[in-house]
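A.B. asks: Protein chains in written order, with the numbering used here: chain A, 5 to 368; chain B, 750 to 1015.
Glycine included, each C-beta is placed from N, C-alpha and C at the ideal position.
What follows is a single structure, and I will ask about it in a moment.
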């Protein structure tokens, strides 16, 4: 089964939920939709499922136009962000429900429910009701219901968001394994770049209802098509500096000017937006060409074993990602160093001019 | 519980139950005993009052009439309010909020306002003195409340459950009966309770829209007042029998009502 979306538009109350989406999903492929909240991930999934109607455009499954086909006839399954199960049925009945409706014989239902439950490690809860289970088990039940029928398309709408960190890692790993054996199209929506990178497969970046780019996640990380795409792959968000290149100098508005590095050869003079990932800024100079900025500490935010150091210089605000746990007092002056070869250069409208060369830097 | 609290509750219970006890007490006495002496319990226990009601067709038909239109009213209310509440809870349409509020505003007018139009209308279309006439008239009040109660319960069920059911392959009617109704059973319990209770105790419309064939028990009870005085014993027995259906309804929906009041926005 292949799935093709052609020029799909959907507008709700004047807001573009989907704007000219053209996508193709190959049979047996694992696909990730990456985008912030309201980027159109859920809208896209609901359109594929047939829960939402398109304003214009077409959806094809196996080159058959299904744009107007009802949900019930599309042979898809979906897992939501919330744990959606039928609370009045047992876990067994929940998982069995799609099979029962398709008229599968009882013995076959029992066998398949048992298999699927074992795959997701919930075989010991089959006689319980969903609300008596933990969040992780409830979501496993929902996943089992999605996996038990041979759906040609399986949609995951941020299924792991409401789970704790450890459980999320575990389920993500299992999910990827489960799909290696299947011949159905899996589509997985997430807001987290790390998840997209970890899951692999084809990633489609969405921003305000538009498809930015589609391809392997790692490629997109290195070669974003524009500012939004670069930002989607940055957690914490990418630092943006307004400035321009003129007379062989790179200047960051009102703060500093530097001789243009050789890596910037071929870039015309003019105003640009410079982007730098938080992990690429350091507190010690690594190279003579590093751009030095004097700032003061705003706040040091500790996340797991990393520290996000927010610094400011007047109205210039930046964030650094440092490994290890550090304690910085507010208003401590710090000097930060930006390696110019790590700079993304964007046109004022956001189109990318230059992405840092990953091969040259030897890392990403 | 402290002694003070216990005393308060006992006192309150006595206060509430004393009139009901007195009614039951009276229903087992003869008229002479009721009027002649003061006794805390029947001195000459008699079932004669009940015998009058259960043997005289004009009496027991009053109960049957009342039960008939009350049940009819509850059924019509549910059948009408369930789809309406579903639409209000799941779909957006022009004027939905206004329509929703307008429904409730129906209840702001006293039933007496609708008395004359109903009487005139039912007389002209031949519905006068039928059970369905009373049931329909009561629907004007019970349906809006039912829609409001059910909408609250339905909105508490995530929309994704509907969608998951469609994705699983349920058709809409199948989903509605098999999945959705069990999820809002508490709301249905509360709704039945309210429409039953409203219709059971409503007197004005029920009495005016009927004459013989569908005359409610409350109207028949006025027969005990005659030229020779009031037949207190029979009146009391009729009163006791009037309370019983209410007790039965509360007994059957008690868990739902308790849950319902806690969950839904009633």
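For residue 871/B and residue 963/B, I'd like the C-alpha separation in whole angstroms.
C.D. replies: Each residue's Cα considered, the two are about 13 Å apart.
A.B. asks: Just to confirm, are residue 916/B and residue 80/A a CB contact at a threshold of 8 Å?
C.D. replies: Contact flag set, yes.
A.B. asks: Hey, would you say residue 930/B sits closer than 8 Å to residue 91/A, going by beta carbons?
C.D. replies: In this structure, residue 91/A does not lie closer than 8 Å to residue 930/B by Cβ.
A.B. asks: What's the C-alpha gap between residue 73/A and residue 918/B?
C.D. replies: Near 13 Å, if we compare the C-alpha coordinates of residue 918/B and residue 73/A.
A.B. asks: Only counting runs of 3 or more residues, tell me where the beta strand (DSSP E) segments fall wholly within the region 306-332 of chain A, in order along the chain.
C.D. replies: Runs found: 310-317, 320-327.
A.B. asks: List the residues that DSSP assigns as beta-bridge partners of residue 275/A.
C.D. replies: Its beta-bridge partners are 248/A.
A.B. asks: Less than 8 Å between CB atoms is the rule here; does residue 75/A satisfy it with respect to chain B?
C.D. replies: So, interface residue.
A.B. asks: So which residues of chain B does residue 91/A contact, with C-beta pairs closer than 7 Å?
C.D. replies: Those are 932, listed as they occur along chain B.
A.B. asks: Under 6 Å Cβ to Cβ from residue 959/B, same chain only, skipping five residues before and after it: list those, please.
C.D. replies: Once the five neighbours on either side are set aside, the close Cβ partners of residue 959/B are 878.
A.B. asks: Any idea if residue 851/B is buried or exposed, counting beta-carbon neighbours within 10 angstroms, 16 or more meaning buried?
C.D. replies: Label assigned to residue 851/B: exposed.
A.B. asks: Can you tell me which of 154/A, 77/A, 355/A puts its alpha carbon nearest to the alpha carbon of residue 116/A?
C.D. replies: Nearest of 154/A, 77/A, 355/A to residue 116/A, Cα basis: 154/A.
A.B. asks: Say whether chain B places a C-beta atom closer than 8 Å to the C-beta of residue 366/A.
C.D. replies: Any reading at residue 366/A needs caution, since the residue's pLDDT is 39, under 50, leaving its predicted position unreliable; the model's value is listed next. No, its Cβ sits nowhere closer than 8 Å to a Cβ of chain B.
A.B. asks: The beta strand (DSSP E) that contains residue 337/A, what's its start and end?
C.D. replies: Residues 337-342.
A.B. asks: Listing by chain order, which chain A residues have their CB less than 7 Å from the CB of residue 920/B?
C.D. replies: What residue 920/B touches in chain A: 76.
A.B. asks: Where DSSP assigns a beta bridge to residue 211/A, which residues make up the other side?
C.D. replies: Note: residue 211/A sits in a beta bridge opposite 214/A.
A.B. asks: Can you tell which of 286/A, 292/A, 234/A, 23/A has its C-alpha closest to the C-alpha of residue 279/A?
C.D. replies: Comparing Cα positions, the closest option is 234/A.
A.B. asks: Roughly how many angstroms separate the alpha carbons of residue 1015/B and residue 93/A, rounded to a whole number?
C.D. replies: Any answer about residue 1015/B is weak, because its pLDDT of 40 lies below 50 and its placement is not dependable; what the coordinates show is given next. Rounded to whole angstroms, residue 1015/B to residue 93/A spans 27 Å at the Cα level.
A.B. asks: Less than 8 Å between CB atoms is the rule here; does residue 363/A satisfy it with respect to chain B?
C.D. replies: Reliability of the predicted coordinates at residue 363/A is poor, the pLDDT of 46 falling under 50, and no value is obtained from them.
A.B. asks: Out of curiosity, what's the CA-to-CA distance linking residue 281/A and residue 149/A?
C.D. replies: About 40 Å.
A.B. asks: What are the complete alpha helix (DSSP H) segments, minimum 4 residues, inside the region 71-123 of chain A?
C.D. replies: Correct list: 95-105, 110-123.
A.B. asks: Can you look up residue 65/A in the DSSP assignment and give me helix, strand or coil?
C.D. replies: Correct three-state label for residue 65/A: strand.
A.B. asks: Between which two residues does the beta strand (DSSP E) harbouring residue 21/A extend?
C.D. replies: Unbroken beta strand (DSSP E) run through residue 21/A: 19-29.
A.B. asks: So, is residue 1003/B buried or exposed, given that buried needs 16 or more other C-beta atoms within 10 angstroms?
C.D. replies: Its Cβ having fewer than 16 others within 10 Å, residue 1003/B is exposed.
A.B. asks: In the DSSP assignment, find the alpha helix (DSSP H) that holds residue 858/B and state where it starts and stops.
C.D. replies: Looking at the DSSP string, residue 858/B is not in any alpha helix (DSSP H), and its letter there is neither H nor E.
A.B. asks: Which residues bound the alpha helix (DSSP H) around residue 807/B?
C.D. replies: Looking at the DSSP string, the run of the alpha helix (DSSP H) that includes residue 807/B is 806-839.
A.B. asks: Name the chain B residues that come within less than 7 Å of residue 86/A, Cβ to Cβ?
C.D. replies: 907, 909, listed in chain order.
A.B. asks: Using only alpha-carbon positions, find the residue among 46/A, 338/A, 127/A, 217/A that is nearest to residue 84/A.
C.D. replies: For residue 84/A, the nearest C-alpha among the options comes from 46/A.
A.B. asks: Determine the burial state of residue 771/B: buried for a count of at least 16 other Cβ atoms within 10 Å of its Cβ, exposed for fewer.
C.D. replies: Result: exposed.
A.B. asks: Roughly how many angstroms separate the alpha carbons of residue 860/B and residue 847/B, rounded to a whole number?
C.D. replies: For residue 860/B and residue 847/B, the distance between alpha carbons rounds to 22 Å.
A.B. asks: Compute the beta-carbon to beta-carbon distance between residue 944/B and residue 822/B, rounded to the nearest angstrom, for a pair I have assumed lies under 8 Å.
C.D. replies: Yes, they are in contact, since the Cβ atoms of residue 944/B and residue 822/B sit about 6 Å apart, within 8 Å.
A.B. asks: Express the C-alpha separation of residue 342/A and residue 243/A in angstroms, rounding to a whole number.
C.D. replies: Approximately 11 Å, taken between the alpha carbons.
A.B. asks: Check the DSSP bridge columns for residue 230/A and list the partner residues they point to.
C.D. replies: Looking at the DSSP assignment, residue 230/A forms a beta bridge with 355/A.
A.B. asks: Spell out the partners DSSP gives residue 60/A in its beta bridges.
C.D. replies: Per DSSP, 13/A.
A.B. asks: Give the interface partners of residue 53/A over in chain B, defined as CB-CB distance under 7 Å, in chain order.
C.D. replies: What residue 53/A touches in chain B: 916.
A.B. asks: With residue 776/B and residue 985/B assumed to form a contact (beta carbons below 8 Å), what rounded beta-carbon distance in angstroms separates them?
C.D. replies: The Cβ separation is near 4 Å, so the contact holds.
A.B. asks: Is residue 366/A helix, strand or coil when you go by DSSP?
C.D. replies: Residue confidence for residue 366/A is low, a pLDDT of 39 falling below 50, so the modelled location carries little weight and cannot support an answer.
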